[in-house]
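K.L.:
Residue 383 in this note's numbering sits at position 116 of the sequence shown; the count goes up by one each step and never skips. Below: one structure in structure tokens.
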Amino acid sequence: MTGHTLEELGLDAAARDHPLTYPGAWPADSGLLDRDRMLPLERLVYADRVPVLAVGSNASPGQLRHKMTECGNDSPIPMVRTRVTGLDVGVSAHVSRMGYVSASPVRAPRSVRELFVIWLDPRQLAAIDASEGVPLPGGNFRRAWLPAPDVRVELPDGCLLDGAYVYVNRHGVLSNGAGVPRLHPGSQQILLTELLTSCAPLRELFGVTPEQFCARARGNPALCARGTRLFAEQEWVTESGLEPYAVGPTHR
268 MTGHTLEELG LDAAARDHPL TYPGAWPADS GLLDRDRMLP LERLVYADRV
318 PVLAVGSNAS PGQLRHKMTE CGNDSPIPMV RTRVTGLDVG VSAHVSRMGY
368 VSASPVRAPR SVRELFVIWL DPRQLAAIDA SEGVPLPGGN FRRAWLPAPD
418 VRVELPDGCL LDGAYVYVNR HGVLSNGAGV PRLHPGSQQI LLTELLTSCA
468 PLRELFGVTP EQFCARARGN PALCARGTRL FAEQEWVTES GLEPYAVGPT
518 HR
């Protein structure tokens, strides 16, 4: 077996265990996640699997390994670094029971981002669906199919996918104050500092530092639900622009 271990690559930590590190470390390039190793890819497209765009911790091998281990699935996951046009990374309008405020996709016609597509088999897709709350009526996310050319997903060899799945937040996303989705800074430390600094009621609930926020939120569903309601009460919430694609829990 070739490749490197996740520990050797600095990709072994899971944000579920260390919420302040969310979204976790992403690979430098495409690869095959095989339990605790990253291996070279043999191809970029997997006809027997479905493509899912990862905008947050689903692009973190440590987090993916954690999710798969929970459901007893150790099958490899191809991770392909792609160039995506029409999508950007916003901020979920809910506080996760994992102890962080997660990323969420937003419609952005002029935006170009490098994001990972993870190719999932049926069991893996069911596991990720469950982790995002898709099967639950009150779950945080719905899985939606984004077709080309609405969203352009370009593989490293220049080929285009005909679409990809993405997880759309049912609560909406946080705005920048002008009704436009706020973009995720990529650092939980920076995001929580900005949110806590701008909102006294949020500090009353979660403390004055990102460390206190994560510690109080982690494993406290009642407090997380109160924080989620507070986002709406502060009129911070707007639509992601992807709602039309998320008609049903697994719309395609």
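Note that beta-carbon positions come from the ideal geometry of N, C-alpha and C, so glycine has one too.
May I ask you to report which of helix, strand or coil DSSP gives residue 353?
P.N.:
Strand.
K.L.:
Residue 493 by DSSP, collapsed to three states: which one?
P.N.:
Of the three classes helix, strand and coil, the one that applies to residue 493 here is helix, per DSSP.
K.L.:
Would you mind reading off the limits of the alpha helix (DSSP H) that contains residue 430?
P.N.:
Segment 430-436 is the beta strand (DSSP E) holding residue 430; no alpha helix (DSSP H) there.
K.L.:
Would you mind reading off the limits of the beta strand (DSSP E) that contains residue 298?
P.N.:
Per DSSP, residue 298 belongs to the beta strand (DSSP E) from 298-301.
K.L.:
Roughly how many angstroms separate the alpha carbons of residue 430 and residue 383, rounded to a whole number?
P.N.:
So the two alpha carbons sit approximately 13 Å from each other.
K.L.:
How far does the alpha helix (DSSP H) with residue 483 in it extend, from its first residue to its last?
P.N.:
Start and end: 477-484.
K.L.:
Leaving aside the five residues before and after residue 516 along the sequence, list all residues of the same chain whose C-beta is less than 6 Å from its C-beta, in chain order.
P.N.:
The pLDDT assigned to residue 516 is 45, lower than 50, so where the model puts this residue is not dependable; a value taken from the coordinates is nonetheless given after this. Counting only Cβ-Cβ distances below 6 Å, and skipping sequence neighbours, we find 401, 409.
K.L.:
Can you tell me whether residue 298 is buried or exposed, with buried defined as 16 or more other CB within 10 angstroms of its CB?
P.N.:
Buried, by the Cβ-count rule.
K.L.:
Just list the residues that DSSP pairs residue 381 with in beta bridges.
P.N.:
Bridge partners of residue 381: 350.
K.L.:
Can you check whether the CB of residue 316 is closer than 8 Å to the CB of residue 388?
P.N.:
Closer than 8 Å, so yes.
K.L.:
Compare the beta carbon distance of residue 353 and residue 291 with 8 Å and say whether it is the shorter of the two.
P.N.:
No, Cβ-Cβ distance for residue 353 and residue 291 is not below 8 Å.
K.L.:
At what residues does the alpha helix (DSSP H) containing residue 551 begin and finish?
P.N.:
Only positions 268 to 519 of the chain appear in this structure, which leaves residue 551 out of reach.
K.L.:
Does residue 377 pass the burial test, meaning 16 or more other C-beta atoms within 10 Å, or should it be called exposed?
P.N.:
Looking at its Cβ environment, which holds fewer than 16 other Cβ atoms inside 10 Å, residue 377 is exposed.
K.L.:
Can you give me the Cβ contacts of residue 518 inside the same chain, cut-off strictly under 7 Å, excluding the 5 residues immediately before and after it?
P.N.:
Any answer about residue 518 is weak, because its pLDDT of 49 lies below 50 and its placement is not dependable; what the coordinates show is given next. Closer than 7 Å at the Cβ level, and outside the excluded window around residue 518, lie 411, 412, 512.
K.L.:
Taking 8 Å as the cut-off, decide whether the C-beta atoms of residue 438 and residue 361 are in contact.
P.N.:
Yes.
K.L.:
Under DSSP, the alpha helix (DSSP H) around residue 459 begins and ends at which residues?
P.N.:
Unbroken alpha helix (DSSP H) run through residue 459: 455-464.
K.L.:
Under the rule that 16 or more other beta-carbon atoms within 10 Å means buried, what is residue 355, buried or exposed?
P.N.:
Classification for residue 355: buried.
K.L.:
Give the straight-line distance between the Cα atoms of residue 314 and residue 463, rounded to the nearest whole angstrom.
P.N.:
Their backbone Cα atoms lie some 45 Å apart in a straight line.
K.L.:
How should residue 403 be labelled, buried or exposed, when 16 other C-beta atoms within 10 angstroms of its C-beta is the threshold for buried?
P.N.:
Its Cβ having fewer than 16 others within 10 Å, residue 403 is exposed.
K.L.:
Count the other CB atoms within 10 Å of the CB of residue 494; is the residue buried (16 or more) or exposed (fewer)?
P.N.:
With 16 or more other Cβ atoms within 10 Å, it is buried.
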